[in-house]
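Down below is the structure, laid out as structure tokens.
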Amino acid sequence: MKTKTQVCIIDDEQDGREYIALLLENEFPEIQINFQASSVEDAFIYLTKNSPDILFLDIQLNGGTAFDLLSKFKNLSSQIIFITAYENFAIQAIRNGATDYLLKPIKKMDFIIAVNKALENIRKNKALSSNTVQNNQNNKISLPTLQGFKMITITDIVRCEADSSYTTFYLADKTKIIVSKTLHEFEETLAEHNFFRIHHKHLINLDHLQEYIKGKGGQVVMSDCSILDVSVRKKNDFLNKIETID
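Just so we're aligned, residue 0 is where the sequence shown starts under numbering that gives the first Met the number 0, counting upward by one.
Here it is as structure tokens:
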């Protein structure tokens, strides 16, 4: 079991990696550096088998860019702090789930603020996971908001839609709730309540399924009148799942 916060540093410059490591050693001795790399390939190999709490990521890497690396993963749970000499990738970084975006040369106070923000996000996520497990016993789920969280009855959820590092929940009363967590982080929990992922973007409540339309992958019609694609890869599993419903 992990006791320390685990981090990974990906930067094509050795001096850059060493400076981040020095800042962590001096300012956050409770944090453990598990891995350092300079290339997209080495980072990819590591991240396929490990899930660091915080990922320090330069934009330009050997063999590609940070965005090339991130595109290889559908869901990466790490807090990502970009550290780069380039100002013009901030929006793209935000769309890729950036916790913060720091410019080189790194200012120590900016670094401390960014790491503290990541640590706070980690604490909130752990608290949310704990609340979710407890609330599932009462058929409810807690969804984080800017103000705190909302308690939602799971049977009221019609579907969930992924958008990068965000998830939109569509409820039976036509309410929409946007959450800054990936769909993957809810998938396992909701699968226990008759939800099925028909597409990399769509997780549906089978209790709200109205119709299936044949096609290469096909489409489903939900109780909110939405029409959603079923991926070809998911089609057979989805149809098999439907056959088991009483």
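Idealized CB from N, CA, C, for every residue including glycine. For clarity, every value in this text was computed on a predicted model and none was experimentally measured.
Alpha carbons only, please: which of the options is nearest the one belonging to residue i?
| i | options | result |
| --- | --- | --- |
| Phe237 | Ser222, Asp109, His198, Ser225 | His198 |
| Lys175 | Ala161, Glu187, Glu184, Thr188 | Ala161 |
| Asp57 | Glu186, Ile19, Cys224 | Ile19 |
| Ile111 | Ile241, Ile9, Val231, Leu23 | Leu23 |
| Leu182 | Phe195, Gly214, Ala171, Lys173 | Phe195 |
| Asn95 | Arg232, Lys116, Leu205, Leu54 | Leu54 |
| Ala117 | Gln5, Lys240, Ser230 | Gln5 |
| Glu12 | Ala84, Asn74, Phe66, Leu46 | Ala84 |
| Cys7 | Met221, Ala89, Val114 | Val114 |
| Thr64 | Ala190, Ile9, Cys224 | Ile9 |
| Lys200 | Asn235, Val229, Asn239, Ser37 | Val229 |
Can you tell me the Cα-Cα spacing of residue i and residue j, whole angstroms?
| i | j | result |
| --- | --- | --- |
| Asn120 | Gln78 | 8 Å |
| Asp99 | Leu227 | 34 Å |
| Pro143 | Ser76 | 16 Å |
| Leu202 | Phe27 | 39 Å |
| Leu60 | Ser50 | 20 Å |
| Thr154 | Ser141 | 13 Å |
| Gly214 | Ile44 | 37 Å |
| Gln91 | Thr243 | 43 Å |
| Met108 | Ile151 | 39 Å |
| Ile82 | Leu46 | 18 Å |
| Lys173 | Ile212 | 23 Å |
| Asp206 | Ser222 | 9 Å |
| Ala171 | Glu86 | 43 Å |
| Asn25 | Lys125 | 26 Å |
| Leu189 | Cys159 | 10 Å |
| Arg232 | Lys106 | 47 Å |
| Glu187 | Leu102 | 37 Å |
If residue i sits next to residue j, beta carbons under 8 Å apart, how far is it from one beta carbon to the other, in whole angstroms?
| i | j | result |
| --- | --- | --- |
| Val39 | Gly62 | 4 Å |
| Gln31 | Lys3 | 4 Å |
| Asn193 | Val157 | Not really, about 12 Å apart at Cβ, beyond 8 Å. |
| Ile177 | Tyr165 | 6 Å |
Is residue i helix, strand or coil when you go by DSSP?
| i | result |
| --- | --- |
| Glu242 | helix |
| Tyr18 | helix |
| Tyr211 | strand |
| Tyr165 | strand |
| Gly62 | coil |
| Lys71 | coil |
| Tyr100 | strand |
| Ile8 | strand |
| Lys107 | helix |
| Asn204 | strand |
| Leu79 | What sits at residue 79 in the sequence shown is Ile, not Leu. Strand, per DSSP. |
| Leu46 | helix |
| Asn228 | First, the amino acid is wrong: residue 228 is Asp here, not Asn. In the structure shown, Asp228 sits in a strand (DSSP, three-state: E or B). |
| Lys234 | helix |
| Glu119 | helix |
By Cβ distance below 7 Å, which residues in the same chain neighbour residue i in space, the five residues on each side in sequence not counted?
| i | result |
| --- | --- |
| Glu29 | Lys3, Thr4 |
| Phe88 | Ile58 |
In chain order, what residues of the same chain have a beta carbon less than 6 Å from the beta carbon of residue i, not counting five sequence neighbours either side?
| i | result |
| --- | --- |
| Gln35 | Ile8, Arg16 |
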